[in-house]
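The sequence shown lines up with residues 481 to 690 when you count with this note's numbering. All residues carry an ideal CB built from backbone N, CA and C; glycine is no exception. As structure tokens, the structure follows; a few thoughts come after it.
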Amino acid sequence: MKQFSFLLILLAVMAMPGFSQNDSNDDPEIKTLFGDKPRTNGGYAGFGIGYTQLDGKDAFTTTFRGGWIINHGFVIGLSATGFSNDFYVNHNPGTEYSSLQGGYGGLLFQPIIFPEFPVHVSFPITLGAGGVAALHSHYYEAFDASYYLEDESFFLLAEPGVELELNIIKFIRASFGVSYRFTTPLNLIDYQDDDMMGLTGSFTLSFGKF
């Protein structure tokens, strides 16, 4: 009986390391929906210029934007754009001119495809709101004019686009893009409701940790 008890104790002692090892090996690793690799974070600020048409006239845009870059491949940020279809040139003395001027901004979402490549693409979209003023100008001289406000309106906006991006150096990126503005009706006197809608071609320089 004593020999049998001793044998049981000996077997139990020998089995303990095995149980301990199995417990550690069988402990399941928790998986997540977004992967288990450490997340990298970065950010950037950019300035862009663009060409578009408003009310059938040539117009220019200036854009400031910036955001948080997640895992090199997705940006969440803010974007703000100003616009005008009066280039203030080639106006003869005594002429009258009507123009649209204003701005818009909102949240920026930007998936980036293959960001580690020197040349790659991204798909920015801005969701927000803006305001536009219809101005009437009387030019006394080429660069001397008086202005008065004819009407103004506010609108909601969605502007999806596609950009070809170039990694110039590690912290500078240049991009050439095309986007399209979708807006709610303008309700401006003497203008069409869709006069703010249309394509924009742009060039942007961005600085940051990509």
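Original post:
Count the other CB atoms within 10 Å of the CB of R661; is the residue buried (16 or more) or exposed (fewer)?
Top reply: Reading the sequence shown from its first residue, position 181 is the one you call residue 661. By the 10 Å Cβ count, R661 comes out buried.
Original post:
When the Cα atoms are used, what is the spatial distance from I556 to G586?
Top reply: As a position in the sequence shown, residue 556 is number 76, starting the count at 1. As a position in the sequence shown, residue 586 is number 106, starting the count at 1. When rounded, the distance between both Cα atoms is 11 Å.
**OP:** Inspect the beta-carbon positions of Y684 and F527 and report whether they are closer than 8 Å.
**Re:** Numbered from 1 along the sequence shown, position 204 holds the residue referred to as residue 684. Numbered from 1 along the sequence shown, position 47 holds the residue referred to as residue 527. Sequence inspection shows Thr at residue 684; the Tyr mentioned does not correspond to that position. Annotated as proximal: T684 and F527, with beta-carbon spacing under 8 Å.
**OP:** Report the option in E632, K537, V642, P598 whose CA atom is closest to the CA atom of F589.
**Re:** What you label residue 589 is simply residue 109 of the sequence shown in a count that begins at 1. Nearest Cα to F589 within the set E632, K537, V642, P598: V642.
Original post:
Quick one: what does DSSP say L636 is sitting in, helix, strand or coil?
Top reply: Position 156 of the sequence shown, counted from the start, is the residue given in the question as residue 636. Shown here, L636 sits in a strand according to DSSP, grouped into three states.
Original post:
Would you say F540 and A560 are within 8 Å of each other, going by their C-beta atoms?
Top reply: Working through the sequence shown from its first residue, we reach residue 540 at position 60. Working through the sequence shown from its first residue, we reach residue 560 at position 80. No, Cβ-Cβ distance for F540 and A560 is not below 8 Å.
Subject >> Proximity to L636 [Cα-Cα], best of G553, A609, E645, A613 >> reply: If you number the sequence shown from 1, residue 636 lands on position 156. Restricting attention to G553, A609, E645, A613, the CA atom closest to the CA of L636 is found in A609.
Original post:
Who are the near neighbours of I652 in its chain, counting only those whose CB is closer than 8 Å to its CB and skipping five residues on each side?
Top reply: Here residue 652 refers to the residue found at position 172 of the sequence shown. Apart from sequence neighbours up to five positions away, the residues of its chain that approach I652 with a beta-carbon distance below 8 Å are L685, S686, F687, ordered along the chain.
Subject >> Close-in-space but distant-in-sequence residues of the same chain around S682 (CB under 6 Å, 5 per side omitted) >> reply: By one-based count along the sequence shown, residue 682 stands at place 202. Once the five neighbours on either side are set aside, the close Cβ partners of S682 are G528, G530, G657.
**OP:** In angstroms with no decimal places, state the Cα-to-Cα distance between F634 and D674.
**Re:** Mapped onto the sequence shown, residue 634 falls at position 154. Mapped onto the sequence shown, residue 674 falls at position 194. A straight-line Cα-Cα distance of about 13 Å links F634 and D674.
Subject >> Straight-line gap, G611 to G583 (C-alpha atoms, nearest Å) >> reply: The residue given as residue 611 occupies position 131 in the sequence shown. The residue given as residue 583 occupies position 103 in the sequence shown. Going from the Cα of G611 to the Cα of G583 covers about 6 Å.
Subject >> Residue range of the beta strand (DSSP E) that includes F527 >> reply: On the sequence shown, position 47 is the one that residue 527 refers to. Residues 521-534.
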